[in-house]
Structures are given as structure tokens and as C-alpha cells.
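Inspection log for the structure reproduced underneath, given as C-alpha cells.
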């Protein structure tokens, strides 16, 4: 039976999970974890994709990936082949290291983007390996908290932090508070139906309906309580991403997020 085609993300952002073959461990010591991160970094220098978050568990990996010049499938193949070659050489073995078909889901809204990242970072907490997500060495959580990471510049934190605030220090503080909250739905990678992102033109028409004849300049000049009320209506537009609303209205993402 032929495989079904993967859903294409309108935002080009994906939550990806890859498992060891037969769910076996793929990381046995610190060198293994480090080599997988190096494999991502090497692939990143070729494919020019972005990593917004990751977590390496003993038998599986979570990535929050933004594809650019190279498709997600090509990126995952490049990473997998690189690590499998190294792994087989180290452990004097042959054959597959990873389960043949990795799982992926599209990430179309800022709310889901943040929820997925929180879910990824909390994997070690759920597995009772650590008490706090930032205590786990092999995830991007510590990078968001304190800018420390190996290998350097693997994770693009600016994109996510920009949703919380323009000031980096303030954004990191708000990110930490967000990480303390619980996700309302932890069935990531199992959700089959998700709203499709709409075009800017389509969203702009719905924004005009909400504004009832008022201009974007008038929206920007509104008192905070009234502006937040209007922004909340905009965030409820089906298929609209907060960064899309920010682009159309000229209001910063952090203001929209907090409304």
C-alpha cells in the first residue's frame, strides 16, 4: 500500500519526531548526543533551515524545524544518514538506526508553535528524568533561558522570543513564565485536523470587518483596553497567525500575544 503524502505546512514550520528502529535506544552516552547535534549543525550549514527547538531522548528526537532552501524530508535524511554512519562505525554494527518513517505535523499558528516548543522541552520532565525542563542537558531549553548551547548557534531563539517581547531580557523572562504553565492538550503529532493558514489578503478583509470602518492607524492609537479587545477578536480569526496579524496591523507580536 503506497504511503500517504505528508501535509505541506503553509508556514514551512514542522514538529518532527524520529525514533530508533524498533524503539531501541539511539543515544548511549554523551558523545552520541553530541554527535547528533553536530549532525544537525552540519546539515544546517548546507540546507539553511532553522531549528527553533529540540530535545534528544534516549530512543527518540523531537525537532521544531523551519524549512527554507531544502525540504524537511531532505533535511531529515541528511541528518539521519550522517548520524547513522557515525553510530554504526562507533558500535561496529550495520543496518538501520532510525525507524524508517519519521513523524511530522505542521505548525500554522503562533499559539501552537509555542505549545509545541513547551511540549518538546517538557519531555524529560514527563519522563521523570529532571524536575525542571532547563535542567535537561540535551534540549534547547537552557539556550532559551541563558543563551548557552553546544554546538553554538544551533537554535534560533530570536524568532520565538520575539513573540513575547522586543527586549531580549524581558522576552526571556516571559518565556520562562510560559514554560511553567501546562499544555491543555498533549496529543501532539496525533491531531489530524488543523485550521489552514489564510492569505494576508483574506485576513485583512476579516480585520476590516472587525474594525467596522476604522483604520489601522486608529487601531494603533486606541487606548489599551479597547485595543486589546479588538486584537482578541482578530486572534480568533480561524487560520490567522499572530505574526500575520502583526504584519498586517503594524502592531508588534508581543502586544498581540498579551492581548
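In the working numbering, the protein residues as written are -13 to 245. Glycine is no exception: its CB is placed at the ideal position from the N, C-alpha and C atoms. The structure displayed is predicted, hence computed values, not measured ones.
So which of the options has the shortest CA-CA distance to residue i?
i, options, result
"residue 111", "192, 94 and 121", "121"
"residue 226", "97, 207 and 149", "97"
"residue 138", "8, 21 and 27", "27"
"residue 235", "187, 91, 62 and 205", "205"
"residue 19", "113, 119, 126 and 86", "126"
"residue 231", "185, 198, 200 and 199", "185"
"residue 6", "52, 17, 39 and 73", "73"
"residue 141", "11, -7, 9 and 52", "52"
"residue 30", "148, 154, 191 and 60", "60"
"residue 8", "-7, 2, 87 and 161", "87"
"residue 113", "159, 70 and 46", "46"
"residue 228", "99, 21 and 116", "99"
"residue 21", "133, 70 and 117", "70"
"residue 1", "91, 35, 25 and -7", "91"
Using the C-alpha atoms, what's the distance from residue j back to residue i?
i, j, result
"residue 37", "residue 145", "10 Å"
"residue 238", "residue 245", "11 Å"
"residue 41", "residue 189", "34 Å"
"residue 175", "residue 89", "Note on residue 175: pLDDT 48, under 50, position unreliable in the model; the coordinate value appears next. Going from the Cα of residue 175 to the Cα of residue 89 covers about 7 Å."
"residue 178", "residue 216", "The predicted model places residue 178 with a pLDDT of 34, which falls under 50 and marks its position as unreliable; any figure quoted below should be read in that light. Spanning the two alpha carbons is a distance of roughly 30 Å."
"residue 129", "residue 136", "9 Å"
"residue 23", "residue 168", "27 Å"
"residue 95", "residue 102", "11 Å"
"residue 81", "residue 119", "33 Å"
"residue 181", "residue 104", "Model confidence at residue 181 stands at a pLDDT of 46, short of 50, so the residue's coordinates are unreliable; what they give is reported in the following sentence. Using only the alpha carbons, I get a separation of about 21 Å."
"residue 224", "residue 199", "21 Å"
"residue 123", "residue 109", "12 Å"
"residue 143", "residue 213", "28 Å"
"residue 157", "residue 219", "24 Å"
"residue 107", "residue 17", "21 Å"
"residue 161", "residue 147", "7 Å"
"residue 193", "residue 15", "52 Å"
"residue 187", "residue 117", "45 Å"
Rounded C-beta distance between residue i and residue j? I'm assuming under 8 Å.
i, j, result
"residue 221", "residue 242", "7 Å"
"residue 44", "residue 13", "5 Å"
"residue 155", "residue 240", "That pair is no contact at about 13 Å."
Do residue j and residue i count as a contact pair if the criterion is CB distance below 9 Å?
i, j, result
"residue 164", "residue 150", "yes"
"residue 93", "residue 50", "yes"
"residue 4", "residue 58", "no"
"residue 39", "residue 56", "no"
Can you confirm whether residue i, when its beta carbon is compared against all beta carbons of chain B, has any partner nearer than 9 Å?
i, result
"residue 111", "Included in the structure is just one protein chain, with no chain B present."
Original post:
Do three or more CB pairs link the region 204 to 215 to the region 65 to 83 at distances below 8 Å?
Top reply: Judged by Cβ distances under 8 Å, the region 204 to 215 makes no contact with the region 65 to 83, as fewer than three pairs qualify.
**OP:** Taking 8 Å as the threshold, find out whether the region 68 to 78 comes into contact with the region -10 to 6 through three or more Cβ pairs.
**Re:** no
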